[in-house]
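For the protein sequence lines, the chains are A and B, in the order given.
Each residue of the first sequence is one higher than the last, beginning at 1 in the numbering used here.
Each residue of the second sequence is one higher than the last, beginning at 1001 in the numbering used here.
There are 2 protein chains.
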Amino acid sequence: MYAPADVSEERAAVLATAAPWASDTASAAPASLVSAVLEEYGAITRRALLPHLEHGEPRRYLYGPAGDYPRRSGRMLRSSLLIASARAFGADLESALNTAVALELIHNAFLVHDDVEDEGLERRGRPTLNVLHGTPIAVNAGDALAILSLRPLLDNRITLGPRVALRLLEEVERTVRESIEGQALELGWRNDNAIGLRDEDYLRLVLRKTCSYTTIFPVRAGALIGTRDGLDLDVLTRFGFFLGAAFQIQDDLLNLVGDHARYGKELDGDIWEGKRSLMMIRLFQCATPAELEQLAEALRPSRAGRTAEQVAWIRERMLAYDCFEYARQVAHGLAGAAQHEFERCFAQLPDTRDKRFLADLARWVLARD
Amino acid sequence: MYAPADVSEERAAVLATAAPWASDTASAAPASLVSAVLEEYGAITRRALLPHLEHGEPRRYLYGPAGDYPRRSGRMLRSSLLIASARAFGADLESALNTAVALELIHNAFLVHDDVEDEGLERRGRPTLNVLHGTPIAVNAGDALAILSLRPLLDNRITLGPRVALRLLEEVERTVRESIEGQALELGWRNDNAIGLRDEDYLRLVLRKTCSYTTIFPVRAGALIGTRDGLDLDVLTRFGFFLGAAFQIQDDLLNLVGDHARYGKELDGDIWEGKRSLMMIRLFQCATPAELEQLAEALRPSRAGRTAEQVAWIRERMLAYDCFEYARQVAHGLAGAAQHEFERCFAQLPDTRDKRFLADLARWVLARD
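(1) In chain B, which residues lie with their C-beta within 8 Å of the C-beta of VAL116 (chain A)?
(2) Taking GLN1310 (chain B) as part of the alpha helix (DSSP H), name the residues at either end of that continuous run.
(3) Thinking C-beta only, is SER1179 (chain B) closer than 8 Å to ALA1102 (chain B)?
(4) Output the distance between the C-alpha atoms of ASN1156 (chain B) and ALA337 (chain A), rounded to the nearest integer angstrom.
(5) Cβ closer than 9 Å: which chain A residues qualify as neighbours of ASN1108 (chain B)?
(6) Would you call the CB atoms of THR1214 (chain B) and PHE1247 (chain B) closer than 8 Å?
(7) Evaluate THR432 (chain A) with the Cβ neighbour count: other Cβ atoms within 10 Å of its Cβ, from every protein chain shown; 16 or more gives buried, anything less gives exposed.
(8) Check the DSSP bridge columns for PRO127 (chain A) and list the partner residues they point to.
(9) Relative to the C-alpha of TYR326 (chain A), which candidate in A:GLN250, A:ASP114, A:ARG300 and A:ALA362 has its C-alpha closest?
(10) Which word fits GLU1297 (chain B), buried or exposed, when buried means at least 16 other C-beta atoms lie within 10 angstroms of its C-beta?
(11) For ASN1193 (chain B), I'd like the list of residues in its chain whose CB is within less than 7 Å of its CB, leaving aside the five on either flank, ordered along the chain.
(12) Identify whether HIS1052 (chain B) lies in helix, strand or coil by the three-state DSSP scheme.
(13) Give me the chain B residues within the contact set of ASN191 (chain A), using Cβ-Cβ distance strictly less than 7 Å, ordered along the chain.
(14) Using C-beta distances below 7 Å, list every residue in its chain close to LEU38 (chain A), excluding the 5 sequence neighbours before and after it, in chain order.
(15) Starting from the beta carbon of GLN173 (chain A), find every residue of chain B whose beta carbon is closer than 7 Å, and list them in chain order.
(16) Which of the three DSSP states is assigned to ASP1351 (chain B) in this structure?
(17) Which of helix, strand or coil does DSSP assign to ALA287 (chain A)?
(18) Within the present structure, is the beta-carbon of LEU1097 (chain B) separated from the nearest heavy atom of the ligand FMN by less than 7 Å?
(19) Hey, is GLN183 (chain A)'s beta-carbon within less than 8 Å of any beta-carbon in chain B?
(20) Run through DSSP, which three-state label would ALA1026 (chain B) get?
(21) For ASP143 (chain A), go through chain B and note every residue whose CB falls closer than 7 Å to its CB, in chain order.
(22) When the cut-off is 8 Å and only beta carbons count, does ALA165 (chain A) lie next to chain B?
(23) Identify whether LEU1358 (chain B) lies in helix, strand or coil by the three-state DSSP scheme.
(24) Among the residues of its own chain, which have a CB less than 8 Å from the CB of VAL1164 (chain B), if the five just before and after it don't count?
(25) Using a Cβ cut-off of 7 Å, pull out every chain B residue sitting near VAL176 (chain A), in sequence order please.
(26) Can you tell me the Cα-Cα spacing of PRO350 (chain A) and PHE217 (chain A), whole angstroms?
(27) Cβ closer than 8 Å: which chain A residues qualify as neighbours of GLY1067 (chain B)?
(28) Determine the contact status of ALA1141 (chain B) and LEU1097 (chain B), defining contact as a CB-CB distance below 8 Å.
(29) Step through the CB atoms of chain A and report whether any lies within less than 8 Å of the CB of LEU1169 (chain B).
(30) Going by beta-carbon coordinates alone, are ALA1084 (chain B) and PHE1357 (chain B) separated by less than 8 Å?
(31) Using a 10 Å radius around the Cβ and a threshold of 16 neighbouring Cβ atoms, would you call SER73 (chain A) buried or exposed?
(32) Against chain B, which members of the region 272-293 of chain A pass a CB distance test of less than 7 Å?
(33) Since ASN1193 (chain B) is in the alpha helix (DSSP H), which residue starts that stretch and which ends it?
(34) What residue ranges within the region 1059-1129 of chain B form continuous alpha helix (DSSP H) runs of no fewer than 4 residues, ordered along the chain?
(35) Return the chain-ordered list of same chain residues with a C-beta closer than 7 Å to the C-beta of LEU1205 (chain B), the five sequence neighbours on each side being excluded.
(36) Where do the N-terminal and C-terminal ends of the alpha helix (DSSP H) with ALA304 (chain A) fall, by residue?
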């Protein structure tokens, strides 16, 4: 595992830094730089990615479905973060591109299998692959996306040499494994209908399931490419963790209070799925014993067994107990901690646009809502 | 793609060699050497494999289920074939073991996802993971098995050096991708309720779905390890293809005419699943138009929509048209072609126990029923 093993200690540090910093988030400046870089690096990555999905056979039952999510408009946060980290550490864009492509393929593989496992209905504004093609073809398409990520990673031996290529594969192996472990934790919570969870459990989950591949890997891999494996990558892990956790909480908030057209997933989908978001866990903590019993009842069946009344009631209870506001505050605290870690890790690097992009990300994460 | 692109031409060659050779299969000698080697190499591989699954967390919802199939008694054909090929080409066992472990992990990952996609009920004499734990946990456990295969493949950089390790990863990438493409072909046939298939379609399917990782990869990877990437591996592909296709046809025959206790899957499971086995395709070719219509009707719904009467009727029609005997003959022809290719590829190698194991495999495949 990565450095922040004792999540409860991190949590205290986060809340301590939250208040003074959070008030500063109204500034519009970071959004424009971050958006510009996401658009630029995202477009370059997508251009390099799509050929991996365009020429394979069979088309209709494999490469067509496998190429569907990557062609839908995604944020391309992960690949952009990786490229910016590599460039901030002195690499050129070209040398980071294979790994950026691989990361987006892995991300899409996760999305496809997550949607199967959660019986998700919408993804990036359209029906999920499992809805469009059924479970068998969706599972197989996810497998294709995962193995396709290996090709650009092997191409790294040409651009980066065999030693760095193999080091990156080691990072990928650990990252993907941890994400799958995180997914298993979450599936276990749902299977057990867990209602005794605490904030620390949530943070431990997102560390593995989300942060590992969304933020920690991109920053570490970028530094590895930029320094040609010349840096102790563990110093970067906390920045990635704080940033990724803030991002995930904000993403879950958008699911419940966001604008459907911009969010691209069904609103309240997380409640329908019985997801243990930070808001849900806060509700577990605030609820009366009678409410907790009613909650357990409502969350016990699988998605299809929940009623619209139950979903509306859970949402209303979250509002009544200020669960959204609470989650917003934790996200702000985490973003502030990410900012703090950023200064510590990247202070020595020259002042470039990529460094400023990394510096602005924490505030951009919060500004999304 | 590998060498045998024009499968129909191969098919003619196979049938031409079938007759004289097939009569020689009653000999009991090969079975004992093959069984002994499978037992020996299988045990060594399993001992090296299980630690990858024993220490991970979470246990109950990930590493427990992921370790289930590998702990059930499998034949360990793939790993044994790889080790024997490596040793026949001059390597020691130790240098092939990481790749053998990776291959068994990949094989088990395929089994888990195949069972999800086929709604399979039994595997190696026990309920499938999807039956035991549901689809979400089974899909995630399959993902874990797949990524766990990367670790021993990366360990190859210590035992074999970075260049050979990366070459093996290239072989793995192509192999896994082709298997997934084969699986997509098969899912497509079921989705389209295809009934106009021919023997060539079947051979093209098993080339990708089965042979690529069951026989072609083990022989190629073994030679790569044994010669330290000093051989044009394509000369070995036809041996792997013929052997793997004979193996798959025989396996499908055992599903329909075998002994349940030894086979470990539900008998007639392939008919329940609507699988386009060679026997099913032969039935398509022999059936009257009225029967073909009835067949299409029976195969149209998913597994749950088929009746025991329909399954029994399909089985009875297969018997009436000698479809089992036909498939047996094709398997014999393929095994004969494998034997022929073996002489061509391995004649120059010293006479070792591993070479004799490889020589005996084709007859062993047929003797299994």
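Yeah, the Cβ is synthetic: ideal placement off N, Cα and C, and Gly gets one too.
To lay it out plainly:
(1) What you label residue 116 (chain A) is simply residue 116 of the first sequence in a count that begins at 1. Within 8 Å Cβ-Cβ: THR1135, PRO1136 and VAL1139.
(2) Mapped onto the second sequence, residue 1310 (chain B) falls at position 310. Residue range 1308-1320 is occupied by the alpha helix (DSSP H) that includes GLN1310 (chain B).
(3) Translated into the one-based positions of the second sequence, residue 1102 (chain B) becomes position 102. Translated into the one-based positions of the second sequence, residue 1179 (chain B) becomes position 179. No.
(4) Taking the first residue of the second sequence as 1, we reach residue 1156 (chain B) at position 156. Taking the first residue of the first sequence as 1, we reach residue 337 (chain A) at position 337. When only Cα atoms are considered, ASN1156 (chain B) and ALA337 (chain A) end up about 39 Å apart.
(5) On the second sequence, position 108 is the one that residue 1108 (chain B) refers to. Under the 9 Å cutoff, chain A gives no residues; its nearest Cβ is about 14 Å from ASN1108 (chain B).
(6) Along the second sequence, one-based indexing puts residue 1214 (chain B) at 214. Along the second sequence, one-based indexing puts residue 1247 (chain B) at 247. Result yes, Cβ atoms of THR1214 (chain B) and PHE1247 (chain B) sit closer than 8 Å.
(7) No information on residue 432 (chain A) is available, as it lies outside the stretch 1 to 369 that chain A covers here.
(8) Counting from one through the first sequence, the residue named residue 127 (chain A) turns up at place 127. PRO127 (chain A) is bridged by DSSP to A:GLU122.
(9) Working through the first sequence from its first residue, we reach residue 326 (chain A) at position 326. Out of A:GLN250, A:ASP114, A:ARG300 and A:ALA362, A:GLN250 has the C-alpha closest to the C-alpha of TYR326 (chain A).
(10) Sequence index remark: in the second sequence, residue 1297 (chain B) carries index 297 (1-based). Classification of GLU1297 (chain B): exposed, given that the 10 Å Cβ count is below 16.
(11) Here residue 1193 (chain B) refers to the residue found at position 193 when the second sequence is read from its first residue. The residues are ALA1296, LEU1299 and ARG1300.
(12) As a first step, residue 1052 (chain B) is located in the second sequence; it is residue number 52 there, counting from the start. The answer is helix: DSSP assigns HIS1052 (chain B) an H, G or I state.
(13) To locate residue 191 (chain A), count along the first sequence from 1; it is residue 191. The answer, in chain order, is TYR1061.
(14) As a working note, residue 38 (chain A) is residue 38 in the first sequence. Same-chain partners within the cutoff: ARG75, MET76, LEU77 and SER80.
(15) Against the first sequence, residue 173 (chain A) aligns to sequence position 173. The question names Gln, but residue 173 (chain A) in the sequence shown is Glu. Simply ILE1147, LEU1150, ARG1151 and LEU1154.
(16) Locating residue 1351 (chain B) in the second sequence gives position 351, counting from the first residue. The three-state secondary structure of ASP1351 (chain B), taken from DSSP, is coil.
(17) The count along the first sequence starts at 1 and reaches residue 287 (chain A) at position 287. ALA287 (chain A) carries a coil assignment under DSSP once its states are collapsed to helix, strand and coil.
(18) Here there are no bound small molecules, and the ligand FMN is not part of this structure.
(19) Translated into the one-based positions of the first sequence, residue 183 (chain A) becomes position 183. With respect to chain B, the C-beta atom of GLN183 (chain A) has a partner C-beta closer than 8 Å.
(20) Within the second sequence, the letter at position 26 stands for residue 1026 (chain B). With a pLDDT of only 42 at ALA1026 (chain B), under the threshold of 50, the placement of this residue in the model should not be trusted; the figure read from the coordinates follows. ALA1026 (chain B): coil per DSSP, three-state reduction.
(21) Along the first sequence, read from residue 1 onward, the residue named residue 143 (chain A) stands at position 143. Ordered by position in chain B, the residues that pass the 7 Å Cβ test against ASP143 (chain A) are HIS1113 and ILE1180.
(22) The residue labelled residue 165 (chain A) in the question sits at position 165 within the first sequence. Chain B contact via Cβ: present.
(23) Within the second sequence, residue 1358 (chain B) is the residue found at index 358, counting from 1. Residue state, collapsed to three classes: helix.
(24) To locate residue 1164 (chain B), count along the second sequence from 1; it is residue 164. If we look at VAL1164 (chain B) and ignore the five residues flanking it on each side, its Cβ neighbours are ASN1156, LEU1224, ILE1225, ARG1228 and ASP1229.
(25) Your numbering for residue 176 (chain A) matches position 176 in the first sequence. Per Cβ cutoff of 7 Å: ILE1147.
(26) Position 350 of the first sequence, counted from the start, is the residue given in the question as residue 350 (chain A). Position 217 of the first sequence, counted from the start, is the residue given in the question as residue 217 (chain A). If I take the Cα positions, the gap works out to 22 Å.
(27) Taking the second sequence and counting its residues from 1, one reaches residue 1067 (chain B) at position 67. Contacts between GLY1067 (chain B) and chain A, judged by CB atoms closer than 8 Å, are missing: the closest CB pair is about 13 Å apart.
(28) For the purposes of this step, residue 1141 (chain B) is taken as the residue at position 141 of the second sequence. For the purposes of this step, residue 1097 (chain B) is taken as the residue at position 97 of the second sequence. No, these two residues do not count as a Cβ contact at 8 Å.
(29) Position 169 of the second sequence, counting from 1, holds the residue named residue 1169 (chain B). Output row for LEU1169 (chain B): interface = yes.
(30) The sequence position of residue 1084 (chain B) within the second sequence is 84, counting from 1. The sequence position of residue 1357 (chain B) within the second sequence is 357, counting from 1. Between ALA1084 (chain B) and PHE1357 (chain B), the C-beta spacing is below 8 Å.
(31) Your numbering for residue 73 (chain A) matches position 73 in the first sequence. Taking all protein chains in view, the Cβ of SER73 (chain A) is surrounded by fewer than 16 other Cβ atoms within 10 Å, so the residue is classified as exposed.
(32) Within the region 272-293 of chain A, no residue has a Cβ lying closer than 7 Å to any Cβ of chain B.
(33) In the second sequence, the residue the question calls residue 1193 (chain B) occupies position 193. Unbroken run through ASN1193 (chain B): none, as it is neither H nor E.
(34) Correct list: 1068-1071, 1077-1088 and 1093-1118.
(35) Translated into the one-based positions of the second sequence, residue 1205 (chain B) becomes position 205. So the qualifying residues of the chain are GLY1182, LEU1185 and GLU1186.
(36) Stepping through the first sequence from its first residue, residue 304 (chain A) is reached at position 304. DSSP places ALA304 (chain A) in no alpha helix (DSSP H); its state is neither H nor E.
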